[in-house]
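So our numbering is basically just the index in the sequence shown, starting at one, shifted up by 605.
Ideal Cβ positions, reconstructed from N, Cα and C, are used throughout, including at glycine.
Written out below as structure tokens is the structure these notes cover.
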Amino acid sequence: MERLVRLQDIDSKLKDLNDLLGDLPSRVDELDKKEQSIKHELDEKKKYLKKIDVEIHKREVNLNGSTEKINKLKDQLFLVTNNKQYDALMAEIDHLKEKKSNFETESIELLDEKETTTENISTKESDLKTLSDDLIDRREKLKSAILESAEQKSNLEKKRTKELKEIDDDILLIYDKVIKHREGIAVVKLQGSGCGGCGAHIPPQTVTEVRAKSGIHTCDMCGRFLYNQEVDIN
């Protein structure tokens with residue numbers, strides 16, 4: 606029974622160490638994934654921005670080309686000798702003007718898209734910096750907390766291994782089951798004639814045997830192991 610009490614003390618201290626870190630490890634991991642996601646999104650948007658620049662350049666080339674062709678055709682209007690030639694040139698000029706208008710519309714749309722994408726990239730970069738700064742701080746806190754508890758945790762785990770070797774496997778199975786379902790507490794002190802865990806009444810005969818350290822006893826209500834007095838846990 607004394608070994609069970611020592612095992613409970615060790616497990617309680619290990620739980621306290623884990624609770625000390627809280628959700629920091631999972632939060633850091635979550636932020637790491639978010640950081641990678643934003644970086645990936647930024648890369649994609651910057652690639653898209655380059656494509657927009659290429660398309661804008663194409664429209665500028667097409668616009669300049671259309672303007673030059675229109676001007677040349679206008680010059681040719683003064684050289685025509687009949688209405689048929691004149692009408693043909695005017696039709697070609699109108700067609701080129703329509704194409705030029707389409708290029709201008711597309712250019713405006715692309716410039717708007719470039720502005721929106723650039724603003725979006727700027728916002729994402731700002732978000733990334735804030736997130737990265739937060740991550741640096743949290744990583745430092747996590748590293749510090751882990752370093753502070755590492756030696757203590759190692760010593761406790763060594764003690765735990767030692768205690769486990771001296772406890773019957775069947776008893777350990779019960780212990781593991783109870784500690785899992787009773788919020789990490791499987792061994793409690795007898796409180797008068799009641800269970801120190803759930804407060805349930807303990808039969809007089811059981812109380813007598815617990816106080817006499819006669820065998821191993823559990824609470825009929827919560828299943829926790831019962832002991833009577835403080836045990837040397839060092």
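Check, Outcome
"Please tell me whether residue 733 and residue 640 are closer than 8 Å, where the distance is taken between their beta carbons.", "yes"
"Quick check: the Cα distance between residue 705 and residue 742, rounded to an integer number of angstroms?", "55 Å"
"With DSSP run on the structure shown, which of helix, strand or coil describes residue 794?", "strand"
"With which residues is residue 799 paired in a DSSP beta bridge?", "796, 806"
"What number of angstroms, rounded off, separates the C-alpha of residue 708 from the C-alpha of residue 662?", "11 Å"
"Could you tell me which residues DSSP puts in a beta bridge with residue 823?", "830"
"Please report the straight-line C-alpha distance between residue 723 and residue 635, rounded to a whole angstrom.", "27 Å"
"Suppose the cutoff is 7 Å on Cβ atoms and the five residues either side in sequence are ignored; what does the same chain contact list for residue 801 look like?", "793, 794, 795"
"Is residue 628 helix, strand or coil by DSSP?", "coil"
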